[in-house]
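In this text, residue positions in the sequence shown follow the numbering used here: the first is 76, and each later residue adds one.
By construction, the Cβ of each residue, glycine as well, lies at the ideal position given by its N, Cα and C atoms.
First the structure, in the form of structure tokens, and then the observations on it.
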Amino acid sequence: MTYSTIPTARLGENGPEVGVQGLGCMGMSFAYGPTDADASRAALERALELGVTLYDTADAYGAGENEKFLSPFFKAHRDEVVIATKFALAIPPEDPSRRIIRNDAPYIREAVEASLRRLDVDVIDLYYMHRRDVNVPIEDTVGVMADLVREGKVKQLGLSEVTADELRAAQGVHPIAAVQSEWSLFSRDIEAQVVPAARELGVSLVPYSPLGRGFLTGSFTDAGTDLTADDFRRQQPRFNGENAVANAALLEPVRTVAEAHGASLGQIALAWVQQRSTVHGLPVIPIPGTSKPGRVEENTAATGIVLSDEELDLLEPISAKVAGDRYADMRFASAGRE
Numbered sequence: 076m077t078y079s080t081i082p083t084a085r086l087g088e089n090g091p092e093v094g095v096q097g098l099g100c101m102g103m104s105f106a107y108g109p110t111d112a113d114a115s116r117a118a119l120e121r122a123l124e125l126g127v128t129l130y131d132t133a134d135a136y137g138a139g140e141n142e143k144f145l146s147p148f149f150k151a152h153r154d155e156v157v158i159a160t161k162f163a164l165a166i167p168p169e170d171p172s173r174r175i176i177r178n179d180a181p182y183i184r185e186a187v188e189a190s191l192r193r194l195d196v197d198v199i200d201l202y203y204m205h206r207r208d209v210n211v212p213i214e215d216t217v218g219v220m221a222d223l224v225r226e227g228k229v230k231q232l233g234l235s236e237v238t239a240d241e242l243r244a245a246q247g248v249h250p251i252a253a254v255q256s257e258w259s260l261f262s263r264d265i266e267a268q269v270v271p272a273a274r275e276l277g278v279s280l281v282p283y284s285p286l287g288r289g290f291l292t293g294s295f296t297d298a299g300t301d302l303t304a305d306d307f308r309r310q311q312p313r314f315n316g317e318n319a320v321a322n323a324a325l326l327e328p329v330r331t332v333a334e335a336h337g338a339s340l341g342q343i344a345l346a347w348v349q350q351r352s353t354v355h356g357l358p359v360i361p362i363p364g365t366s367k368p369g370r371v372e373e374n375t376a377a378t379g380i381v382l383s384d385e386e387l388d389l390l391e392p393i394s395a396k397v398a399g400d401r402y403a404d405m406r407f408a409s410a411g412r413e
């Protein structure tokens, strides 16, 4: 197979042009079972060769270890890459397995300095509020983030898992370049309000988990039996027990479309997400995560697949039939606040 460089899209109205598909780097250090540093480094390099320029991490991924791991790659290619990282999921010292949502000013300032140190860069290209603390006015949070832009520590601002109203309130304080939320054949709640608001405001959408955390690729059918004990997906309702059985059956139309294109299930799932840009009229830059060069090649090749109206119609009913919530604790999703 011949691999070509992927197209580009603009990150926000005044942001940089980036590859129309980014790379989620969390799994290189955290959450999805055993890691392989050499394979991950090779995946980073292969992604850049194929035109992937947006690399996504967060301070909470491996308690900062993911940012440290990525730092040498970023330093070697600083003028070629767009670095996205996040704050808001604080790790309490007494229980490293927990995450506490914090959006207060002292924490944000502490977090950005720590991320700059771990990444070993002078400025972060895209800085996200990872999750929303409803006890802190979003205008206050974005006000502090805007100060970081004025101070030259951050270039562009992003928000993750926010509602349309929260996005509009934030945009009233400072331009928002991107909203990162889960968006896939299994998760489409943002289409009701968030996507129209983003289109109206000139904000790009950066879908995370566009492959349904790997479930849409068919690589596992039940997290409780197929994945290692340290895999985060064993805690997610959709991928376990009766929910997993019901959801696995929903992949049949994906298989039908994949066979027609000579493609993998994952490529069809990604092509569907990429095509949301045309359907909804705004930049859509998904960030599928992987630590394998071959998977990077497979994922980026999906940017060249165009699904017909008939194929889109076949895939349309899937999300309404999905069993189980995205998270065991839905505080980490915006849907419950809309």
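N-terminal and C-terminal residue of the alpha helix (DSSP H) that residue i is part of
| i | result |
| --- | --- |
| Glu-334 | 327-336 |
| Leu-276 | 269-276 |
| Val-359 | First-last for Val-359: undefined, no H or E at that position. |
| Gln-349 | 340-349 |
| Ser-254 | It should be noted that the sequence gives Val, not Ser, for residue 254. Element bounds for Val-254: not the alpha helix (DSSP H) but the beta strand (DSSP E), 253-257. |
| Gln-246 | 239-246 |
| Leu-387 | 384-390 |
| Gly-316 | 316-324 |
Continuous beta strand (DSSP E) stretch holding residue i: start and end
| i | result |
| --- | --- |
| Leu-129 | 129-131 |
| Pro-282 | 279-283 |
| Ala-159 | 157-162 |
| Gly-379 | Counting along the chain, Gly-379 falls outside any beta strand (DSSP E), and DSSP gives it neither H nor E. |
| Leu-232 | 229-235 |
8 Å contact criterion, which residue i and residue j should meet: CB distance rounded
| i | j | result |
| --- | --- | --- |
| Val-187 | Leu-129 | Rounded, the Cβ-Cβ distance is 19 Å, inconsistent with contact. |
| Asn-114 | Ser-366 | The sequence given here has Ala at residue 114, not Asn. The pair is a contact, with the Cβ atoms about 5 Å apart (cut-off 8 Å). |
| Ile-362 | Leu-86 | Actually they are not in contact, since the Cβ atoms of Ile-362 and Leu-86 sit about 12 Å apart, beyond 8 Å. |
| Val-281 | Gln-255 | 4 Å |
| Thr-292 | Gly-364 | That belief does not hold up - the Cβ atoms of Thr-292 and Gly-364 are roughly 12 Å apart, past 8 Å. |
| Glu-142 | Asp-134 | 6 Å |
| Leu-469 | Ala-377 | It is not possible to answer for residue 469, since the shown part of the chain is limited to 76 through 413. |
| Val-270 | His-355 | 5 Å |
| Ser-394 | Arg-263 | 4 Å |
| Tyr-202 | Leu-234 | Actually they are not in contact, since the Cβ atoms of Tyr-202 and Leu-234 sit about 10 Å apart, beyond 8 Å. |
| Glu-140 | Ser-104 | 5 Å |
| Thr-160 | Ile-213 | Wrong, their Cβ atoms sit about 19 Å apart, outside the cutoff. |
| Glu-413 | Thr-300 | About 34 Å separates the two Cβ atoms, so there is no contact after all. |
| Lys-150 | Asp-195 | 6 Å |
Beta-carbon contacts of residue i that lie in its chain and below 6 Å, excluding the five residues immediately before and after
| i | result |
| --- | --- |
| Ile-343 | Val-329, Val-332 and Ala-333 |
| Ala-122 | Leu-98 and Val-371 |
| Leu-119 | Phe-148 |
| Ala-165 | Ile-175 and Arg-177 |
| Val-219 | Ala-180 and Ile-183 |
Inter-residue Cα distance where the pair is residue i and residue j
| i | j | result |
| --- | --- | --- |
| Phe-290 | Asp-400 | 14 Å |
| Val-229 | Asn-374 | 29 Å |
| Val-397 | Glu-266 | 16 Å |
| Gln-350 | Pro-181 | 40 Å |
| Glu-236 | Ile-251 | 13 Å |
| Val-156 | Val-127 | 8 Å |
| Arg-192 | Glu-185 | 11 Å |
| Glu-226 | Val-359 | 29 Å |
| Arg-153 | Asp-131 | 14 Å |
| Gly-247 | Met-101 | 31 Å |
| Arg-313 | Ser-339 | 22 Å |
| Ser-352 | Glu-169 | 43 Å |
| Asn-89 | Glu-317 | 46 Å |
| His-422 | Thr-296 | The structure shown does not extend to residue 422, since the chain is modelled only from 76 through 413, so no value can be given for it. |
Same chain, Cβ closer than 8 Å to residue i, five either side skipped, listed in chain order
| i | result |
| --- | --- |
| Asp-208 | Ala-163, Ile-176, Arg-177, Asn-178, Asp-179 and Thr-216 |
| Arg-243 | Ala-272 and Leu-276 |
Chain-order list of residues whose beta-carbon lies under 7 Å from that of residue i (same chain, five-residue window excluded)
| i | result |
| --- | --- |
| Val-211 | Asn-178 and Asp-179 |
| Trp-347 | Leu-260, Leu-382 and Leu-390 |
| Pro-285 | Trp-258, Ser-259, Ala-344, Leu-345, Val-348, Pro-361 and Pro-363 |
| Thr-80 | Leu-125 and Gly-126 |
| Thr-83 | Glu-92, Val-93, Gly-94 and Val-95 |
Within-8 Å CB hit, residue i to chain B
| i | result |
| --- | --- |
| Gln-255 | No chain B appears in the structure shown, which is made up of a single protein chain. |
- What beta strand (DSSP E) runs, 3 residues minimum, are completely inside the region 190-223? Given a length threshold of 3 residues, each whole run of the beta strand (DSSP E) inside the region 190-223 is given here in chain order: 199-204.
- Message: List, from N- to C-terminal side, the alpha helix (DSSP H) runs of 4 residues or more that fit wholly inside the region 77-152.
- Response: Runs found: 112-124 and 140-151.
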